[in-house]
Amino acid sequence: MPQISQIAATYASQIFWLLITFGLLYFVVGKGMVTKIVSTVDAREQRIAGDLAAAEAARAQADRVEEAWRIEMDAARNAAMAETASAKAQAVQSAEQQVKAADADLAERIGHHELAIANAKAEALATLETVAAEAARDLVAKLSGVGVTVDQAAHAVREVRAHG
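Residue numbering for the sequence shown is 111 to 274, as defined by the numbering used here.
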């Protein structure tokens with residue numbers, strides 16, 4: 111069979127060209143494309159490393175800014191607390207002064223009213239004494255028929271009040 115005898119010769123030639131083609135592909139891809147791929151990967155790794163370094167620097171800067179902000183906020187909070195305490199102290203002092211002024215005003219008013227009450231009481235007692243003296247004079251005149259002067263009746267009412 112002639113077809114079978116040709117197989118060995120055909121296969122040898124095909125294997126030869128196969129090795130040549132794969133060899134060429136190996137060197138073209140290995141030398142041409144792999145170096146480009148490796149350089150691309152290296153460039154990418156360098157860019158990633160650069161981006162990571164920039165991100166780390168930005169994070170460090172953000173930490174510094176945050177720390178400065180916190181210090182500033184603490185200072186502002188302390189200043190506000192001091193101002194609030196000062197305002198409270200002023201308010202307390204002002205309230206105390208107002209209370210003292212109101213107390214003094216009330217004490218003065220109470221003094222005036224007590225004096226007015228004492229005067230009214232004295233006047234009422236005097237009027238009561240006069241009315242009592244007149245009533246006593248009228249009663250003595252009606253009951254005993256003796257005529258008593260207003261001065262005598264007033265003197266008797268004063269004595270009863272003093273002993274009574």
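Don't be surprised by glycine CBs; every beta carbon is placed ideally from N, CA and C.
Remember, it's a predicted structure, so these values are computed and weren't measured experimentally.
Query	Result
Residue 267, buried or exposed, once every other Cβ within 10 Å from all chains shown has been counted against 16	buried
Limits of the alpha helix (DSSP H) - the one that residue 209 falls within	144–254
Residue 136 versus residue 144 - alpha carbon distance	10 Å
Alpha-carbon to alpha-carbon, residue 219 and residue 197	32 Å
First and last residue of the uninterrupted alpha helix (DSSP H) at residue 270	260–273
Three-state secondary structure (DSSP) of residue 257	coil
Within 8 Å, strictly: CB atoms of residue 243 and residue 256	no
Straight-line gap, residue 236 to residue 208 (C-alpha atoms, nearest Å)	41 Å
Contact belief for residue 263 with residue 246 at Cβ below 8 Å, rounded distance in angstroms	5 Å
Residue 270 Cβ short of 7 Å to the ligand NAD heavy atom set	Only the bare structure without any ligand can be found here, which leaves the ligand NAD out of the picture.
Anticipated Cβ contact below 8 Å, residue 250 with residue 258, distance rounded	5 Å
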